[in-house]
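Written below as structure tokens is the structure these notes are about.
Protein chains in written order, with my numbering: chain A, 60 to 318; chain B, 824 to 1175.
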């Protein structure tokens, strides 16, 4: 029974990784038509170095994801702290209002943003995509950090103050560091939401200024090249490093467990 | 002069009066318990001393200095919270040196003093652990070490033992007492556990509905409760309602003697007698001279090894309880008629 269970778990994990694995493998295959046996080569990667469009799009993607992660964690942490620690009229309503945007189809949000940004003169381009991605990731960020705040003991700051901390010192020396695992997790989440985002980016991109998913989509429409496998492999490698870094960090950051 | 002095403090939240003109002094170096049910205001008293709550009326003095509006971080206090409130992202050592660092004591000197405090609470060899890697009892010790390491002017304990299981709680009671005696810190302990208050305290203050009902040394409060609430909250008591008549109290048709001064004839009073101060005898046995006596019928006998608890019906439908040490084989079965006897010295005339 136990062996069967472990076997099943391996099947599930394999199911998750198989397509990705094939893609990564093909990035190193000389044949552009997925023929076997594999002939190892690195020339898709060197080709990639010449593909300005893909590289530009990747740079944009990373830039937007980084900006989104930073802006939405800073804004989201502040908002989650207000929501988590203060009581006021309409708090519950505000809390509930955070959830629907996560369920609204991106196509609809994208259309709404396009219309709104056009109407307000914000327009399209990098700044519009960053704004859009921040709006998309904020509910997730607030949810993750809000959960972190809830598991934090409410009297931590009081304890710090009794030991001689001013409220400001207590916040920066105790609350914020104790929340850091949640904040980092939220930041990575926002980064991933942004990096993944296609629909909203597609609507808000300006000709010549696109993100990687948008660029990959338009390349595929023109004809698939293994360079896409190569760039995807690089991206995947980077996100793997991020995830592992987070797992390592959070283990050391020590999110508080309630007994 | 008391180490901590609360004078005429009132605190209200909207229509609710949490503390109603409370005045109490806490002696230096003593262990004082604030005992009361939830909602009695005991935690509010603690939080006013800590500085988390500013009273509406009245003042607070620590070592003679008016600190009523002094912010928490300038009061030089130590608190152990019910949840311990250990900083989760810091090691045990970092938690303990936190307060020292805030007072400008750093580096080797801070670590030396922290190690000393950890030794006092008997938690050595865990310096680099995170709080979540420790057991409940160990976390408790870290919280104590963190609170005493700065040698605060007053140590406040907010039901610190309530999260522990019974065995560990008893162990920590002994530890707490030892640590308090060794450190000599003025300690104020909030609890709703009467046994804990009795065993730990030099002094007890009983609170009910925002007022201090009675304060004094544990035995004085136990043996001479002033009110019905004090008598029933700290220990068990039999209440005998009656009327003052000719230097005694008539309970039904029994005249009960009481050592304390009684109010004027005709006043309705309630007497209190602790269940272990009553003795039981068969009606045929001779009456002890000078003691109060009352007839009763055993309704229920609960054997508990060292002690048997009897519930009895007294005259006029009185519900009585008697604890009897099982020294010999004497037992009274339900339905037995018995005579209860107790000394006038053990009879307390309550104020309400």
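C-beta: ideal position from N, C-alpha, C; glycine also. Nothing here was measured: the structure is a model prediction, and the numbers come from that model.
- request: Would you grab the beta carbon distance between residue 1011 of chain B and residue 980 of chain B for me? Rounded to a whole angstrom, and I think it's under 8 angstroms.
  value: 7 angstroms
- prompt: On the premise that residue 172 of chain A lies in contact with residue 198 of chain A, defined as a C-beta separation below 8 angstroms, what is that separation, rounded to the nearest angstrom?
  reply: Actually they do not touch by this definition, with Cβ atoms about 15 angstroms apart.
Residues that residue 981 of chain B bridges to, as DSSP identifies them: B:1013
query: Should residue 307 of chain A be flagged as near chain B, meaning a C-beta pair shorter than 7 angstroms?
result: no
query: Between residue 911 of chain B and chain A, is there a C-beta pair that is closer than 7 angstroms?
result: yes
Sequence-distant residues of its chain with Cβ nearer than 6 angstroms to residue 1102 of chain B (five each side left out): 1164
task: Whole angstroms is fine: what's the gap from residue 180 of chain A's alpha carbon to residue 174 of chain A's?
output: 10 angstroms
query: Among all the DSSP beta bridges, which residues are the ones paired with residue 1132 of chain B?
result: B:1125 and B:1146
message: For residue 294 of chain A, tell me which candidate among A:118, A:111 and A:144 has the shortest Cα-Cα distance.
response: A:118
task: Kindly indicate the opening and closing residues of the alpha helix (DSSP H) around residue 159 of chain A.
output: 159-162
- prompt: Looking at the C-beta of residue 207 of chain A, does it have a partner C-beta in chain B at a distance below 7 angstroms?
  reply: no
Chain A contact residues for residue 906 of chain B, given Cβ-Cβ distances below 7 angstroms: 212 and 214
query: List, in order along the chain, the chain B residues whose C-beta lies closer than 7 angstroms to that of residue 233 of chain A?
result: 910
query: Got a sec? Which residues, its chain only, sit under 6 angstroms from residue 263 of chain A by beta carbon, not counting five neighbours each side?
result: 183, 187, 188 and 191
message: Could you give the first and the last residue of the continuous beta strand (DSSP E) run that contains residue 74 of chain A?
response: Segment 61-86 is the alpha helix (DSSP H) holding residue 74 of chain A; no beta strand (DSSP E) there.
query: Looking only at DSSP bridge pairs, what is residue 1064 of chain B linked to?
result: B:1093
- prompt: Counting along the chain, where does the beta strand (DSSP E) carrying residue 913 of chain B start and finish?
  reply: Taken as a continuous stretch (DSSP letters only), residue 913 of chain B belongs to no beta strand (DSSP E), as it is neither H nor E.
- prompt: Excluding sequence positions up to five away, which residues of its chain have a Cβ less than 8 angstroms from the Cβ of residue 255 of chain A?
  reply: 272
field: Per DSSP, cross-strand counterpart(s) of residue 1023 of chain B
entry: DSSP lists no partner for residue 1023 of chain B.
- prompt: Where does the unbroken beta strand (DSSP E) through residue 828 of chain B begin, and where does it stop?
  reply: 827-836
task: Examine the Cβ distances between the stretch 830-838 of chain B and the stretch 867-880 of chain B and report whether three or more of them are shorter than 8 angstroms.
output: yes
field: Contact set between residue 223 of chain A and chain B, taken where Cβ atoms lie within less than 7 angstroms
entry: 896, 922, 925 and 926
task: Could you work out which residue in B:890, B:1032, B:1035 and B:1022 is closest to residue 1042 of chain B when comparing CA atoms only?
output: B:1022
query: Start and end of the beta strand (DSSP E) containing residue 884 of chain B?
result: 880-885
- prompt: Are the stretch 881-889 of chain B and the stretch 1025-1042 of chain B in contact at 8 angstroms, needing three or more beta carbon pairs?
  reply: no
- prompt: Tell me which same chain residues have a C-beta within less than 6 angstroms of the C-beta of residue 207 of chain A, skipping the five on either side of it?
  reply: 238 and 241
- prompt: Between residue 292 of chain A and residue 270 of chain A, what straight-line distance do the alpha-carbon atoms span, to the nearest angstrom?
  reply: 16 angstroms
- prompt: So, do the stretch 933-947 of chain B and the stretch 892-911 of chain B have three or more beta carbon pairs nearer to each other than 8 angstroms?
  reply: no
query: Per DSSP, which one or two residues make a beta bridge with residue 1160 of chain B?
result: B:1120
- prompt: Apart from the five residues on each side of it in sequence, which residues of its chain come closer than 8 angstroms, Cβ to Cβ, to residue 318 of chain A?
  reply: Because the pLDDT of residue 318 of chain A is 34, which lies under 50, any placement of that residue in the model is unreliable, and the number read from its coordinates should be weighed accordingly. Nothing listed; no residue qualifies.
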